[in-house]
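A quick write-up on the structure given underneath.
2 protein chains.
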Amino acid sequence: MDWVYIEDIAAHDGRDVEIRGWVYNKRSSGKVRFLLVRDGTGLLQATAFSADKDSPLFQQFDRLTQESSLVVRGRVREDGRAPGGFELSMTELEIVQIAQDYPITLKEHSTPFLMEHRHLWLRSSKQHAVLRVRAEVIKAVRDFFDGRGFRLMDTPILTPSACEGTTTLFETEYFDQKAYLSQSGQLYNEATAMAFGKVYCFGPTFRAEKSKTRRHLIEFWMVEPEVAFATLQDIIGLGEDLILFIMERVLTKRRHELETLERDPKPLEAIKTPFPRLTYDEAVPVLREKGSTIEWGGDFGAPEETIISELYTSPVCVTHFPAAIKAFYMQPAPENPDVVLGVDFLASEGYGEVIGGGQRIHDLALLEKRLEEHKLPREAYEWYLDLRKYGSVPHSGFGMGIERMVSWICGIKHIRETIPFPRLLYRIYP
Amino acid sequence: MDWVYIEDIAAHDGRDVEIRGWVYNKRSSGKVRFLLVRDGTGLLQATAFSADKDSPLFQQFDRLTQESSLVVRGRVREDGRAPGGFELSMTELEIVQIAQDYPITLKEHSTPFLMEHRHLWLRSSKQHAVLRVRAEVIKAVRDFFDGRGFRLMDTPILTPSACEGTTTLFETEYFDQKAYLSQSGQLYNEATAMAFGKVYCFGPTFRAEKSKTRRHLIEFWMVEPEVAFATLQDIIGLGEDLILFIMERVLTKRRHELETLERDPKPLEAIKTPFPRLTYDEAVPVLREKGSTIEWGGDFGAPEETIISELYTSPVCVTHFPAAIKAFYMQPAPENPDVVLGVDFLASEGYGEVIGGGQRIHDLALLEKRLEEHKLPREAYEWYLDLRKYGSVPHSGFGMGIERMVSWICGIKHIRETIPFPRLLYRIYP
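Sequence lines, in order, name chains A and B.
Every position in the first sequence, counted from 1, becomes a number in this note's numbering once 105 is added.
Every position in the second sequence, counted from 1, becomes a number in this note's numbering once 105 is added.
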């Protein structure tokens, strides 16, 4: 008898199969026993009928507890009433292990308790749905870039220098010197973009930030494309296309998961390109009118991002931020060098920044000046300066945080549920 | 005029296009100028003809140096003699930047020099080819697992405990405690496999090993599948299918790169499943006969791996290693508990281990005993033990090192060329 996965069950209608999984739920009704089995790919109702309540199969059934592991065998048959449209007429039930007192029950549990049991919480239907959406988002991202001829170039995690300041870096001993965990693959992307034209990196990044918010993880995944010869406008278009591609994919392939999460898909379906665009100069008076105390030159916080994003149904692209609040490598705007050719994409519904990027300085003298102004050690950046010596070209790119995207798509309030094992301030277990 | 990439040039035959890139090479012949342009996606010959050697276009041409950046415009036309089958009849040549004294010339450079200029070395045709193969291998791996219903579950890099001992771990301060960089996502995979049935993680891993070999990187990428209810034999089959899938993909899509690398494809084409299998007990006398001094109980080193792999044309699966030389979580063989249900896949042609894995202990009491024997702190593993309390099932998985695979496929001797920015003993720049 073939071992099959529940997600493939429709292909086995009318056939005898074996399902291996865990007890999700069970109930009895007279001479019928209903077992809801999960195998990680779906849920299947397995039913057994007997006039004898002490039949061997019923005896086995009665021993089962939540999350006990088992193998069931029987015939697949279509049944419109069953969840998923199919059920199993169970003829054999083999217990692998009886789970004693599974800690996560149907009652409410506190968040600290659930986080402490994250390794088990993952089995719950909502967490399961979120992480399936996450996997789909990641696949969509890779398909998008691979399909457009971007070359994947993995950038290093262990780096000798900081991309955007040193205060939030994890440090480690690298044999005879210090190393830091990467906060961005961008500088390396710039080197590979000059070799491959259009590239992306996609890996974990780290920020040792001592802040506790709903939007930050200590360890998170980021995809970063970089394109030689691309301008700010080019990569705004790229970011729009990427977001739209992800939305269409998830709305097509993970609609069931969005339902499980009770996520209204309408705001996601409403997203259209081109996205509204707003310069920082235009945004400040709007923010102040809506009650923000921001002054020109100040950075956006979560409240400012929320105000802006709630004005539109699509994500908003805010551009031309003050140079002083942005990273050293950002290209000044030709018409006003006090602002830079950078862009932040603010997700709809108040979910905040999901993409940040822009055009990079390609002029050697200007970049050298910026390194000095930011008091960055030139020797660590010699290789980066080389990119401006040997065939320098205008180039642009951005970073998109995966967990922010998943949080927004799933409509969940706290980013900690968007990664299997979140790393939070003071939390590194399990 | 449309900006197009060289890899898409065939679709623009007969049309006027713009190419943006860098000077790969140039030569003159009478009234003709030949410019070999690279744009990261390919090489294109751009030719200009003029009776006037001081024509503006020729003047521009004469200024060009290796790796100068430029924009050229002209008409695409098919030409069997040109590399790639097409050339550009150049009508405009716009210089973006003249590269002065590009350090990597056609002469031989020392490896330390090239490693110090890795950010530029990436532009060379061999390095370019290796990294395109790498990207293809990674895409093949993801397509393989996604296509088989495996769920991608990113496991954390920052971990509170060691998977396989603490001597080779990078350590960092995680707020008020110590954290280590992950050497494997396996333990976390076991948790997600119980939630999702079949999973994989794929990310960077770290070994602070003070050894200098051709086969080791300090930071490398590893894909690790884990399957609930799978036995050792099941995952040997999975590993065979994976390797074959990768080979077929690369041989189809990256044949040109293998040619650039002068890699004979025949040994890769000769690989067939099932792979030869050999128990450790069977391997030891063979090794001794071939000159190894290994005793029963000793681990294989590079020389032993080479001897075994050279006996076969396909990779070899060595199974049933002594428990004492393997990790604490490995399931003992039922017929002999001194050996474990583990497997190493040794690549052909002496490339050594590319996959290591096996069946994991699913019995709680046995796992507790192993933790004690290995003097591992139980409190750090409480969550891992939970997986044996709540619906424990037999399960298996493996890890495949991407750089080892790429090294083998490309037929290159040193693993340092298989990743954009290798991290080696004492080397973390650029």
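Even glycine gets a Cβ: it sits at the ideal position worked out from N, Cα and C.
Bridge partners - residue i, DSSP secondary structure assignment
i: L175 (chain B); result: B:G126, B:I200
i: H224 (chain B); result: For H224 (chain B), which the question treats as bridged, DSSP gives no partner whatsoever.
i: M195 (chain A); result: A:G179
i: Q464 (chain B); result: B:S501
i: W326 (chain B); result: B:P309
i: A333 (chain A); result: A:H500
i: C422 (chain B); result: B:R382, B:F450
i: L294 (chain A); result: For the sequence presented, residue 294 (chain A) should be read as Asn rather than Leu. Per DSSP, none; premise fails for N294 (chain A).
i: V142 (chain B); result: B:V128, B:L149
i: K283 (chain A); result: A:E278
i: S215 (chain B); result: Answer by DSSP bridge pairing: none, since S215 (chain B) is not bridged.
i: E458 (chain B); result: B:L451
Nearest-angstrom Cβ-Cβ length linking residue i and residue j, presumed shorter than 8 Å
i: M220 (chain A); j: R532 (chain A); result: 7 Å
i: I323 (chain B); j: L349 (chain B); result: About 30 Å; that fails the 8 Å criterion.
i: H321 (chain B); j: I517 (chain B); result: The pair is not a contact, with the Cβ atoms about 15 Å apart (cut-off 8 Å).
i: R465 (chain A); j: Q436 (chain A); result: 6 Å
i: Y434 (chain B); j: L472 (chain B); result: 7 Å
i: Y495 (chain A); j: E172 (chain B); result: 5 Å
Rounded separation between residue i and residue j - CA only
i: V176 (chain B); j: K158 (chain B); result: 21 Å
i: L274 (chain A); j: L363 (chain A); result: 35 Å
i: T99 (chain B); j: F166 (chain B); result: Summary: the structure shown does not reach residue 99 (chain B), with chain B confined to residues 106 through 535, and so no result is reported for it.
i: Q536 (chain B); j: M352 (chain B); result: The structure shown does not extend to residue 536 (chain B), since chain B is modelled only from 106 to 535, so the question has no answer here.
i: F280 (chain A); j: L530 (chain B); result: 7 Å
i: A407 (chain A); j: R237 (chain B); result: 40 Å
i: V498 (chain A); j: L476 (chain A); result: 19 Å
i: P161 (chain B); j: L149 (chain B); result: 22 Å
i: V122 (chain A); j: W326 (chain A); result: 39 Å
i: F426 (chain B); j: T264 (chain B); result: 28 Å
i: Q205 (chain B); j: W513 (chain B); result: 37 Å
i: M258 (chain A); j: L347 (chain B); result: 22 Å
i: I341 (chain A); j: E314 (chain B); result: 43 Å
i: S229 (chain B); j: V459 (chain B); result: 27 Å
i: D369 (chain A); j: K231 (chain A); result: 15 Å
i: R143 (chain B); j: R319 (chain A); result: 45 Å
i: A333 (chain B); j: H467 (chain B); result: 10 Å
i: V391 (chain A); j: I413 (chain A); result: 8 Å
i: P261 (chain A); j: F301 (chain B); result: 30 Å
i: L451 (chain A); j: Y385 (chain B); result: 57 Å
Closest Cα partner of residue i within the set the options
i: K317 (chain B); options: B:P535, B:R528, B:P427; result: B:R528
i: G145 (chain A); options: A:F139, A:D121, A:Y110; result: A:Y110
i: V511 (chain A); options: A:I399, A:Y385, A:T523; result: A:T523
i: K303 (chain B); options: B:F325, B:L471, B:R253; result: B:R253
i: V355 (chain A); options: A:E192, A:K244, A:L446; result: A:K244
i: L416 (chain B); options: B:F191, B:P381, B:G504, B:T310; result: B:P381
i: R132 (chain A); options: A:I124, A:L141, A:R125, A:G126; result: A:L141
i: T152 (chain A); options: A:A284, A:R125, A:W127, A:R180; result: A:R180
i: Y534 (chain B); options: A:A485, A:L490, A:R319; result: A:A485
i: S174 (chain A); options: B:H500, B:C515, B:R509, B:E508; result: B:H500
i: K395 (chain A); options: A:T411, A:L383, A:G402; result: A:T411
i: G447 (chain A); options: A:A470, A:V423, A:L227; result: A:V423
i: P330 (chain A); options: A:G461, A:R125, A:G190, A:E172; result: A:G461
i: G147 (chain A); options: A:R178, A:E112, A:G290, A:T170; result: A:E112
i: F59 (chain A); options: A:W488, A:T196, A:D248; result: Here chain A comprises residues numbered 106 to 535, so residue 59 (chain A) is not present and cannot be evaluated.
i: W401 (chain A); options: A:A429, A:T378, A:E374; result: A:A429
i: Y305 (chain A); options: A:D449, A:E183, A:A296; result: A:A296
i: D118 (chain B); options: B:D184, B:F154, B:S134; result: B:D184
i: E213 (chain B); options: B:E199, B:I203, B:W226, B:P525; result: B:W226
i: P372 (chain B); options: B:S453, B:G506, B:T365; result: B:S453
**OP:** Select from the segment 218-229 of chain B all residues with a C-beta closer than 7 Å to any C-beta belonging to chain A, and list them in chain order.
**Re:** The residues in question are H224, L225, L227, R228.
Original post:
Along the segment 163-178 of chain B, what residues have a CB closer than 7 Å to any CB found in chain A?
Top reply: Under the 7 Å Cβ criterion, the segment 163-178 of chain B contributes E172, S173, S174.
Original post:
Using a Cβ cut-off of 7 Å, which residues of the segment 127-153 of chain A contact any Cβ in chain B, in chain order?
Top reply: Considering only beta carbons, the part of the segment 127-153 of chain A lying closer than 7 Å to chain B consists of W127, D144, G145, T146, in chain order.
**OP:** For the segment 461-489 of chain B, enumerate the residues whose C-beta is nearer than 7 Å to any C-beta of chain A, in chain order.
**Re:** Listed by position, the residues of the segment 461-489 of chain B near chain A (Cβ gap below 7 Å) are W488.
Original post:
Given a limit of 9 Å on CB to CB distance, which residues of the segment 391-408 of chain A reach chain B?
Top reply: Of all residues in the segment 391-408 of chain A, none comes within less than 9 Å of chain B when Cβ atoms are compared.
Subject >> Residues, ordered as in the chain, of the segment 306-326 of chain A that lie near chain B by beta-carbon distance below 9 Å >> reply: The residues in question are C306, G308, P309, F311, A313, K315, I323, E324, W326.
Original post:
For the segment 334-360 of chain A, which residues have a beta carbon sitting closer than 7 Å to at least one beta carbon of chain B?
Top reply: If the cut-off is 7 Å between Cβ atoms, the segment 334-360 of chain A has F334 near chain B.
Original post:
Quick one, which residues of the segment 486-517 of chain A are near chain B if we go by CB-CB under 9 Å, in chain order?
Top reply: Listed in sequence order: E487, W488, Y489, D491, L492, R493, K494, Y495, G496, S497, V498, P499, I507.
Original post:
Quick one, which residues of the segment 245-269 of chain A are near chain B if we go by CB-CB under 8 Å, in chain order?
Top reply: Across the segment 245-269 of chain A, CB contacts with chain B closer than 8 Å involve R247, D251, G254, R256, L257, M258, D259, T260, P261, I262, L263, T264, P265, in sequence order along the chain.
Subject >> Contacting positions in the segment 279-297 of chain A - beta carbon closer than 8 Å to chain B >> reply: Going along the segment 279-297 of chain A in chain order, one finds Y279, F280, D281, Q282, A284, L286, Y293, A296, T297 with a Cβ nearer than 8 Å to chain B.
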